[in-house]
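Everything below concerns the one structure shown next.
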Amino acid sequence: MSSIKVWDLPTRFFHWLLVLSFAGAFLTAESERNRDLHVLLGYTVLGLIVFRLLWGLIGSRYARFYSFVCSPKVVVLYLCQLIQKQAQHPVGHNPAGAVVIVLLLLLGLGSGLSGWAVYEDIGADWLTEWHELISNAMLVVVCIHITGVVVSSYLQGENLIAAMVTGKKLGHVNQAIASNVASLAWLLLAVVIGLWIWAWPASKDLNWLLHTFSWW
Ligand code: HEM
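Following the numbering used here, the numbering of the sequence shown begins with 10 at its first residue and continues without gaps.
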């Protein structure tokens, strides 16, 4: 096995932009004066998830849903093999990680859509509670995700976090993706940064940062 390209650039940019946007949206959620910033980051999460759902249909090999979405039976089998140390080295997402990823995408979609409905005053008070509930559930799943990534890295003997940065994992040469699709990734980054700059005047109050640090 050698180091091969597995994660294309759009998938990696999507991931780290999602991390930033979700963290920012969560940190600004409680503050009334940072409502605009919270809404901007929430819309970014929603836009990124919509992009990823499309990329899951037309993206490169390991980004496509058919390469990692699997039945509960496959997940249980994988976990049993993992315990017996007989699990095959996964080139893309492993079946257990894939479940968490699907959950994160669904919760991100739910959180973004419910947030949009609350902001636009569509629906009653219960929507606000659902928005909070879905977002808190997402935080719990994010913690499970990070723990899973660290544990899988240890069990597989491969740094999966570095792989999400470089796009490279261990595999056979014929398992590598053909293209990094870099132009689409830069376009995605430009759209997100463009949106942030365009909406900045309304969201420039960064007092939440000071509050967060003084709280620590
Ligand atoms: C610093 C914290 C985080 C680290 C270190 C991290 C790391 C990773 C890694 C290594 C993978 C690939 C897993 C694999 O090899 O199968 C991954 C995938 C993923 N992570 Fe994270 N993650 C973090 C935070 C988050 C957050 C906050 C979210 C959501 C809000 C998230 C959502 C996802 C999704 C959706 C994928 C699937 C990527 C794709 O196929 O597009 N991650 N993460």
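Backbone N, C-alpha and C define an ideal beta-carbon position, used for all residues, glycine too.
Taking C-beta separations shorter than 7 Å and ignoring five residues to either side along the sequence, the partners of Leu57 in its chain run Phe23, Leu26, Leu27, Ser30, following chain order. With 16 or more other Cβ atoms from the protein chains shown falling within 10 Å of its own Cβ, Asn103 counts as buried.
The C-beta distance from Gly124 to Gly51 rounds to 5 Å, short enough to fall under 8 Å. In the three-state DSSP reduction, Ile153 falls in the helix class (H, G or I). In this structure, the ligand HEM has a non-hydrogen atom nearer than 7 Å to the beta-carbon of Thr20. DSSP links Leu179 through a beta bridge to Ser12. Of the other Cβ atoms in all chains shown, fewer than 16 fall within 10 Å of the Cβ of Trp195; this residue is therefore exposed. Where Gln90 is concerned, the enclosing alpha helix (DSSP H) starts and stops at 81 to 92. Close CB contacts of Ala146 within its chain, under the 8 Å cut and outside five residues either way in sequence, are with Leu116 (chain order).
In this structure, Val111 and Val78 form a Cβ contact; the two beta carbons are roughly 6 Å apart against a cut-off of 8 Å.
When only Cα atoms are considered, Ser12 and Glu41 end up about 48 Å apart. With a beta-carbon spacing of about 11 Å, Val100 and Gln165 fall beyond the 8 Å limit used to define contacts. Going by DSSP, Gly65 is part of the alpha helix (DSSP H) stretching over 44 to 67. Contact check between the region 67 to 84 and the region 175 to 189: three or more CB pairs, one atom from each, fall below 8 Å, which counts as touching. Secondary structure note for Arg73: it is in no alpha helix (DSSP H), with a DSSP letter that is neither H nor E.
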